[in-house]
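Protein chains in written order, with this note's numbering: chain A, 39 to 333; chain B, 39 to 333.
Protein chains: 2
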Amino acid sequence: MNTELKKYLNDKKKGIDEFIKEYFKTPVIPLILHESVVYSLTAGGKRIRPILCIASYEACNGNKNIIPYATAIEFIHTYSLIHDDLPAMDDDDLRRGKPTNHKVFGEGIAILAGDGLLTEAFRILSNPLYAKIKADTLLRVIYEISMAAGLRGMVAGQAYDLISEGKEPNGEIVEFIHLHKTAAMIRASVKTGALLAEASEDKIDRLESYGEAIGLAFQIVDDILDIESTTEEMGKPQGSDMQRGKMTYPRVYGIEKSRKKAKELVDKALETLSIFDEKAEPLRQIALYIVKRTS
Amino acid sequence: MNTELKKYLNDKKKGIDEFIKEYFKTPVIPLILHESVVYSLTAGGKRIRPILCIASYEACNGNKNIIPYATAIEFIHTYSLIHDDLPAMDDDDLRRGKPTNHKVFGEGIAILAGDGLLTEAFRILSNPLYAKIKADTLLRVIYEISMAAGLRGMVAGQAYDLISEGKEPNGEIVEFIHLHKTAAMIRASVKTGALLAEASEDKIDRLESYGEAIGLAFQIVDDILDIESTTEEMGKPQGSDMQRGKMTYPRVYGIEKSRKKAKELVDKALETLSIFDEKAEPLRQIALYIVKRTS
């Protein structure tokens with residue numbers, strides 16, 4: 039990663055981490071619920087989704103502090119990881135090198151922590167006072183995010199992922215899973231930034247395409263890393279997707295073709311950014327970084 | 039129940055059921071997720087929360103079709119039941135006389151169905167087109183509902199309920215659990231109706247108090263019914279709260295004092311409605327019906 043991007047990501051991450059700290063200054067009762075929520079929110083997430091939201095906002099000349107709204111997206115991402123790790127789902131003991139939420143707090147509290155984070159995200163998004171955002175803009179943001187996260191978005195991807203374990207590799211199914219499970223929320227994160235900046239519909243559309251392309255690329259690279267990297271690098275057991283017979287890109291197309299597909303998607307993402315000026319540089323660098331993780 | 043109230047509840051229930059049918063006309067993919075969601079949404083719920091929302095709206099002279107927004111509250115209620123029944127939570131096999139969601143579709147799909155319903159509720163609430171509601175009104179509704187359902191609302195109540203099983207009966211704790219687990223969402227349902235009608239702040243406050251009082255009364259009566267009614271009447275095993283050492287009102291105060299408390303709450307609820315005209319009659323009848331269930 040180049041120094042400039044590293045600095046950008048670190049700066050934004052700091053703002054997001056500070057908002058999370060501030061948000062939970064008054065503890066949630068009962069305390070075990072508070073600890074469970076804070077544990078997963080501060081377990082070393084790279085904050086890619088909220089950073090993409092902010093980068094998109096800045097690319098559209100936004101100049102308010104939209105960190106609270108961006109962080110709401112991280113709440114949704116964190117809830118999805120907590121529920122995804124549950125025994126009835128992926129049954130993972132480790133996440134980012136640490137015990138998963140239910141391993142520390144028990145399944146009941148882990149389910150509730152996820153439910154609470156998802157709900158709390160909408161409480162943040164419906165508070166216009168954070169950055170004096172217009173009500174109809176926030177309403178549109180809530181609509182986009184709930185669509186991307188809901189029954190015809192991320193949740194559908196998770197469900198298809200769950201029922202496809204051990205099944206024959208299938209291109210259409212892996213496309214459905216990756217588009218819904220991962221790309222939908224990354225697309226919504228980027229689109230949210232554009233909506234909050236009240237960008238033109240053309241810019242909103244382009245950023246949406248950018249988001250979907252890098253979202254899909256991101257998941258394909260994750261699939262490749264599951265095979266190629268070590269357990270230490272991943273923070274979870276290497277090869278676990280493979281072992282569980284998960285529907286992944288490499289299983290359907292092989293590693294080389296998957297790598298090529300990821301590169302094509304990033305090229306497409308960069309192409310859609312062509313009309314943006316240097317303020318979109320972080321978005322370009324993030325897209326490039328996604329494929330670099332694996333080549 | 040008097041015939042008039044019965045007719046009112048049936049009419050409103052019909053509208054809500056129709057909206058649910060319409061909303062899932064295009065199936066969710068994968069189909070097992072669709073079936074899981076529709077199964078619990080149509081498993082015989084009395085639609086008390088959305089009906090309270092509509093009755094409150096009508097008491098404030100609202101005259102649009104707000105069924106979609108009211109039904110969003112039923113989505114949240116249904117998600118909470120699905121998750122509450124899970125083995126890691128209350129571990130119930132029966133709900134309203136039918137097998138619980140995870141018994142039919144498995145735990146993974148049940149968790150996702152709940153997640154999806156919760157998220158979808160916010161997608162409905164953020165769509166102003168359903169009844170041409172002002173964006174800032176809907177934003178305030180979303181804020182109220184997410185606060186009532188979230189980490190400092192219903193989820194907190196569920197968590198405290200979970201960790202209090204088998205503990206010494208304690209008045210403060212049972213009050214916290216009932217106010218958060220049950221009363222918060224009933225209060226928000228009633229308040230939502232007033233907000234959608236753009237009622238005066240005084241009316242909104244009064245309806246909020248009414249909602250909290252009947253919400254608490256409702257849960258106390260539920261506690262009493264767990265002890266006094268039969269398994270058939272309840273649709274789930276009689277005495278299950280008692281057996282599990284749940285923190286209930288009768289366990290803390292005994293049956294007679296609990297019944298008295300419920301009656302006092304309903305009287306208080308009726309008192310707060312004193313400034314409303316005959317359009318608030320359904321709200322009055324519902325309050326009275328709540329205590330009648332147990333005497």
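Heads up, the beta-carbon is just placed ideally off N, CA and C, and yes, glycines get one too.
* **Residue-level contact to chain B via CB, His216 (chain A), 8 Å cutoff** => no
* Asked: Assuming Thr230 (chain B) contacts Ile183 (chain B) under a Cβ cut-off of 8 Å, what Cβ separation, rounded to an integer in Å, is found between them?
  -> 7 Å
* To do: Compare the C-beta of Glu158 (chain A) with all C-beta atoms of chain B and state if any pair is closer than 8 Å.
  => yes
* Name, going along the chain, the residues of the segment 306-328 of chain B whose beta-carbon falls closer than 9 Å to a beta-carbon of chain A. => none
* If you count every other CB in all the chains shown that lies within 10 Å of the CB of Ser333 (chain A), and 16 or more means buried, which is it? -> At Ser333 (chain A) the pLDDT is 47, less than 50, meaning the model places this residue with poor confidence and gives no usable figure here.
* Compare the beta carbon distance of Leu234 (chain B) and Ile171 (chain B) with 8 Å and say whether it is the shorter of the two. => yes
* To do: Check whether the Cβ atoms of Leu189 (chain B) and Val193 (chain A) lie closer than 8 Å to each other.
  => no
* To do: Label Asn103 (chain A) either buried or exposed according to how many other C-beta atoms from any shown protein chain fall within 10 Å of its C-beta, with 16 as the threshold for buried.
  => exposed
* Taking only beta-carbon positions, decide if Leu189 (chain B) is within less than 8 Å of chain E. => The structure shown has no chain E; the protein chains it does contain are A and B.
* Using a cut-off of 9 Å between C-beta atoms, extract the partners of Met127 (chain A) located in chain B. => Glu145, Gly146, Ile149 and Leu150
* **One or two residues paired with Leu132 (chain A) in a DSSP bridge** => A:Pro137
* In the DSSP assignment, find the unbroken alpha helix (DSSP H) run with Val212 (chain B) in it and report its ends. => Gly209 to His216
* To do: Please look up how many angstroms separate the CB atoms of Lys274 (chain A) and Arg133 (chain A), rounded, as I've assumed it's under 8 Å.
  => 6 Å
* When the distance is taken between beta carbons, is Met285 (chain A) closer than 8 Å to Asp199 (chain A)? -> yes
* **Length of the line joining the Cα atoms of Ala318 (chain A) and Lys84 (chain A)** => 20 Å
* State the Cα-Cα distance for the pair Asp123 (chain B) and Gly144 (chain A), rounded to the nearest angstrom. => 16 Å
* Since Ile114 (chain A) contacts Gly53 (chain A) with CB under 8 Å, what's their CB separation in whole angstroms? -> In fact, because the Cβ distance is near 18 Å, the residues do not count as touching under 8 Å.
* To do: Can you give me, in chain order, the residues of the segment 160-186 of chain A that have a beta carbon less than 7 Å from any beta carbon in chain B?
  => Phe160, Arg161, Ser164, Asn165, Pro166, Ala173, Asp174, Leu176, Leu177, Ile180, Tyr181, Ser184 and Met185
* Pick out the complete alpha helix (DSSP H) segments inside the segment 281-328 of chain B, 4 residues or longer, and give them in chain order. => 287-291 and 293-310
* Can you list, in chain order, the residues of the segment 221-237 of chain B whose Cβ is nearer than 9 Å to any Cβ on chain A? -> none
* **Rounded straight-line distance, which links the Cα of Leu308 (chain A) to that of Ser227 (chain A)** => 17 Å
* Asked: Do Arg297 (chain A) and Ile262 (chain A) come within 8 Å of each other at the CB atom, strictly closer than that value?
  -> yes
* Can you tell me which of the three DSSP states Asp174 (chain B) falls into? => helix
* **Test item: CB-CB of Val329 (chain A) and Val304 (chain A) under 8 Å** => yes
* Compare the C-beta of Asp153 (chain B) against all C-beta atoms of chain A and say whether one is closer than 8 Å. => yes
* Identify the continuous alpha helix (DSSP H) that holds Cys91 (chain B) and give its terminal residues. => Ile86 to Ala97
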